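Participant:
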Amino acid sequence: MKVFVVNCGSSSIKYQLFDMNDESVVGKGIAEKIGLPMGIVSLKIEGTGEKVERELPLPNHEAALNTVLELLTDKNIIRDKSEIGVIGHRLVHAGECYHSSVAITEDVIEKMTECNDLAPLHNPHNITGVRTAQKLFPKAFQGGCFDTAFHQTMPDYAYLYPIDYSWYEKYKVRRYGFHGTSHGYVAQLAADHLKKPLDKLRVITAHLGNGSSIAAIQNGKSVDTSMGLTPLEGLMMGTRCGDIDPALVFFAARKGVSLDDFDKMLNKKSGLMGVGGISNDMRDNWKAIHEGNKRAGLAIKMFTYRLKKYIGAYAAAMGGVDAIVFTGGIGENDWEARQMACEGLEYMGVEFDVPLNKTVRATLKEVSKPSSKVKVIVVPTNEELVIARESYRLYNESKKK
Ligand code: ADP
């Protein structure tokens with residue numbers, strides 16, 4: 000059985016095709032620049048490592064997915080699309096509706112549509128992805144994992160904002176949290192590594208990519224996380240600001256800054272990009288530092304300092320911590336960022352192994368000393384695999400009914 004995992008954005012579709020016999024990825028890639036005069040569809044064939052790219056106009060998501068299917072058949076990865084029995088969608092926002100992955104029905108799509116206001120940059124495109132897949136694969140099972148679902152276990156005192164309560168009642172304004180699929184997955188792998196049940200552990204998971212978030216996971220349940228109503232809150236990110244004084248909104252308004260420009264500033268021109276002024280990419284910032292750029296240095300200092308503050312806060316929230324997990328492009332690869340974030344955490348029982356940490360990249364490995372009370376573990380994330388597994392599980396369950 001082949002499971003096709005899709006992550007649909009406004010102008011791109013990332014995809015991975017899994018063979019569930021051994022959970023291997025047989026092909027993956029991205030269709031980009033949908034809706035622009037010229038689009039690109041790429042495919043990397045796992046196993047051989049061959050890469051193929053096709054340039055052609057992609058007027059809409061259907062054209063993009065059709066081109067992906069053509070590439071997959073031309074390269075003999077599938078005979079035809081009927082081989083794909085399950086589609087797994089990466090979905091962003093389900094409000095308070097779903098606590099776990101779902102079989103996508105009209106009711107689910109309706110609930111997602113109701114959440115469009117909460118995730119205007121993501122939800123409408125996710126729905127387009129679902130509709131397109133339903134059209135192209137009318138017989139396939141459609142499953143999906145919501146980024147928000149894992150965090151639905153947060154207690155009310157963690158997810159509510161200290162504002163007029165009626166905003167929660169009327170508009171469902173609250174913390175939802177994102178990257179849930181990743182936080183749940185890496186926490187479980189960390190527990191497996193420690194040979195302890197996750198429901199007996201207190202784990203802090205730091206997912207550090209272009210978007211970054213951190214979660215407190217107590218006895219297997221998310222009890223707090225840094226992203227909020229939207230993915231703008233919390234840690235400093237590549238281009239997003241994370242936590243700031245909300246009064247900046249009034250300040251900007253009084254300076255005559257338009258709502259759109261202010262939105263752009265906080266979402267696209269802040270974070271590493273905004274402070275360092277070089278790039279949203281961590282690697283570019285390190286390169287700039289080595290070339291003597293002081294602002295890039297300040298940006299990374301702020302990034303890791305704010306991360307450390309959250310680690311301390313979540314340890315306090317859980318009455319201690321057994322393991323701190325680093326994941327995402329930065330968490331998995333950037334030894335310097337990990338070292339900076341863990342510097343000075345000896346007081347809470349972290350004995351960081353500085354030389355060992357320098358050697359660890361993109362692999363599951365403990366980077367604390369064996370004597371460390373709190374284990375620090377690098378765990379590569381794999382959200383697509385979780386989506387493939389969950390959608391396949393739901394498909395099998397649906398067959399039994
Ligand atoms: P996304 O959130 O888009 O999925 P990723 O998880 O791939 O992003 O993370 C992207 C970030 O990871 C970028 O800031 C990139 O610079 C950083 N990164 C990737 N590889 C390395 C590396 N070897 N060293 C430092 N940073 C890295």
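Per our numbering: the sequence shown ends with 400, consecutive numbering throughout. For each residue, glycine too, the CB sits at the ideal point set by N, CA and C. Just so it is clear, the structure is predicted and the values come from calculations on it, not from any experiment.
Look up V248 in the DSSP assignment and say whether it is helix, strand or coil.
Facilitator: As a first step, residue 248 must be located in the sequence shown, where it is residue number 249. V248: helix per DSSP, three-state reduction.
Participant: Who are the near neighbours of V5 in its chain, counting only those whose CB is closer than 8 angstroms to its CB and skipping five residues on each side?
Facilitator: Residue mapping note: residue 5 aligns to position 6 of the sequence shown, counting from 1. Counting only Cβ-Cβ distances below 8 angstroms, and skipping sequence neighbours, we find I12, K13, Y14, L64, I86, G87, H88, R89, G128, A132.
Participant: Per DSSP, K50 forms a beta bridge with which residues?
Facilitator: For the purposes of this step, residue 50 is taken as the residue at position 51 of the sequence shown. Its beta-bridge partners are K43.
Participant: So the beta strand (DSSP E) Y164 belongs to, where does it begin and stop?
Facilitator: Looking up residue 164 in the sequence shown gives position 165. Per DSSP, Y164 belongs to no beta strand (DSSP E) and is neither H nor E.
Participant: Would you say the beta carbon of R239 comes nearer than 7 angstroms to a heavy atom of the ligand ADP?
Facilitator: By 1-based counting over the sequence shown, the position of residue 239 is 240. No - the ligand ADP has no heavy atom lying nearer than 7 angstroms to the Cβ of R239.
Participant: Select from G227, Q217, N209 the residue whose C-alpha is nearest the C-alpha of S269.
Facilitator: In the sequence shown, counting from the first residue as 1, residue 269 sits at position 270. Checking every option, the nearest Cα to that of S269 belongs to N209.
Participant: Going by beta-carbon coordinates alone, are S390 and G142 separated by less than 8 angstroms?
Facilitator: Position 391 of the sequence shown, counted from the first residue, corresponds to residue 390. Position 143 of the sequence shown, counted from the first residue, corresponds to residue 142. Yes. Within cutoff.
Participant: Closest to T147 by C-alpha separation, out of E113, W285, Y164, H98, would be which residue?
Facilitator: Residue numbering aside, residue 147 sits at position 148 when the sequence shown is read from its first letter. Comparing Cα positions, the closest option is H98.
Participant: Just how far apart, CA to CA, sit L120 and A93?
Facilitator: Along the sequence shown, read from residue 1 onward, the residue named residue 120 stands at position 121. Along the sequence shown, read from residue 1 onward, the residue named residue 93 stands at position 94. Cα-Cα distance, rounded: 14 angstroms.
Participant: Should G330 be labelled buried (16 or more other beta-carbon atoms within 10 Å of its own) or exposed?
Facilitator: Within the sequence shown, numbered from 1, the residue matching residue 330 stands at position 331. Burial call: buried.
Participant: Expressed to the nearest angstrom, what Euclidean distance is found between the alpha-carbon atoms of W401 and I376?
Facilitator: As shown, the chain starts at 0 and ends at 400. That puts residue 401 outside it, with no answer to give.
Participant: Alpha carbon to alpha carbon, how far is S211 from R53?
Facilitator: In the sequence shown, residue 211 corresponds to position 212, counting from 1. In the sequence shown, residue 53 corresponds to position 54, counting from 1. In a straight line, the C-alpha of S211 is about 32 angstroms away from that of R53.
Participant: Indicate whether L401 and I213 have their beta-carbon atoms separated by less than 8 angstroms.
Facilitator: The first residue shown for the chain is 0 and the last is 400, placing residue 401 beyond what the model contains.
Participant: Does F249 pass the burial test, meaning 16 or more other C-beta atoms within 10 Å, or should it be called exposed?
Facilitator: If you number the sequence shown from 1, residue 249 lands on position 250. Answer is exposed; the Cβ neighbour count stays below 16.
Participant: Exposed or buried, T180, counting other C-beta atoms within 10 Å across all chains shown (16 or more means buried)?
Facilitator: For this step, residue 180 is matched to residue 181 along the sequence shown. Result: buried.
Participant: Do V373 and M339 have their beta-carbon atoms positioned less than 8 angstroms apart in this structure?
Facilitator: Along the sequence shown, one-based indexing puts residue 339 at 340. Along the sequence shown, one-based indexing puts residue 373 at 374. No, they are not a contact pair.
Participant: Just confirm the distance between the C-beta atoms of A157 and R174, as a whole number of angstroms; I'd bet it's less than 8 angstroms.
Facilitator: By one-based count along the sequence shown, residue 157 stands at place 158. By one-based count along the sequence shown, residue 174 stands at place 175. Contact flag correct, Cβ pair sits at about 7 angstroms.
Participant: What is the C-beta distance between L231 and G327, in whole angstroms, given that I count them as a contact (C-beta under 8 angstroms)?
Facilitator: By one-based count along the sequence shown, residue 231 stands at place 232. By one-based count along the sequence shown, residue 327 stands at place 328. In fact, because the Cβ distance is near 17 angstroms, the residues do not count as touching under 8 angstroms.
Participant: Let me know the secondary structure DSSP gives L14 once reduced to three states.
Facilitator: Within the sequence shown, the letter at position 15 stands for residue 14. It should be pointed out that residue 14 corresponds to Tyr in this sequence rather than to Leu. Looking at Y14 - three-state DSSP - the assignment turns out to be strand.
Participant: DSSP has I26 in a bridge; who is on the other side?
Facilitator: On the sequence shown, residue 26 is found 27 positions in, with the first residue counted as 1. At residue 26 the sequence reads Gly, which differs from the Ile that was named. Bridge partners of G26: L16, I44.
Participant: Start and end of the alpha helix (DSSP H) containing T66?
Facilitator: As a position in the sequence shown, residue 66 is number 67, starting the count at 1. Residues 60-73.
Participant: Let me check one thing: in DSSP terms, what residues is G38 bridge-paired to?
Facilitator: For the purposes of this step, residue 38 is taken as residue 39 along the sequence shown, with counting starting at 1. DSSP output for G38 lists L55 as bridge partner(s).
Participant: Compare the C-alpha of N125 against each of H60, T66, H150, V172 and name the closest.
Facilitator: Mapped onto the sequence shown, residue 125 falls at position 126. N125 has its Cα closest to that of H60, out of H60, T66, H150, V172.
Participant: Between the alpha carbons of D321 and R337, how many angstroms are there, rounded?
Facilitator: Locating residue 321 in the sequence shown gives position 322, where the first residue counts as 1. Locating residue 337 in the sequence shown gives position 338, where the first residue counts as 1. Distance between the alpha carbons of D321 and R337: 17 angstroms.
Participant: Under a criterion of Cβ closer than 6 angstroms to any non-hydrogen atom of the ligand ADP, which residues qualify, in chain order?
Facilitator: Listed by chain position, these are G208, N209, G210, G237, D280, M281, R282, G327, G328, I329, N332, D333.
Participant: Can a CB atom of chain B be found closer than 8 angstroms to the CB of W334?
Facilitator: In summary, chain B is missing from the structure at hand, where a single protein chain is found.
Participant: Decide if T238 is buried, meaning its Cβ has at least 16 other Cβ atoms within 10 Å, or exposed.
Facilitator: If you number the sequence shown from 1, residue 238 lands on position 239. Buried: at least 16 other Cβ atoms inside 10 Å.
Participant: Please confirm if the stretch 66-86 is in contact with the stretch 38-48, defined as three or more CB-CB distances below 8 angstroms between the two stretches.
Facilitator: Yes, they touch.
Participant: At which residues does the beta strand (DSSP E) containing T326 begin and terminate?
Facilitator: For the purposes of this step, residue 326 is taken as the residue at position 327 of the sequence shown. Start and end: 322-326.
Participant: Would you say I203 and Y313 are within 8 angstroms of each other, going by their C-beta atoms?
Facilitator: Here the question's residue 203 lines up with position 204 in the sequence shown. Here the question's residue 313 lines up with position 314 in the sequence shown. It is a contact, given that the beta carbons lie within the stated cut-off.
Participant: Pop quiz: Y304 and F140 are said to be a contact at Cβ under 8 angstroms. What is the actual Cβ separation, rounded to whole angstroms?
Facilitator: Counting from one through the sequence shown, the residue named residue 304 turns up at place 305. Counting from one through the sequence shown, the residue named residue 140 turns up at place 141. So it is not a contact: roughly 46 angstroms between Cβ atoms.
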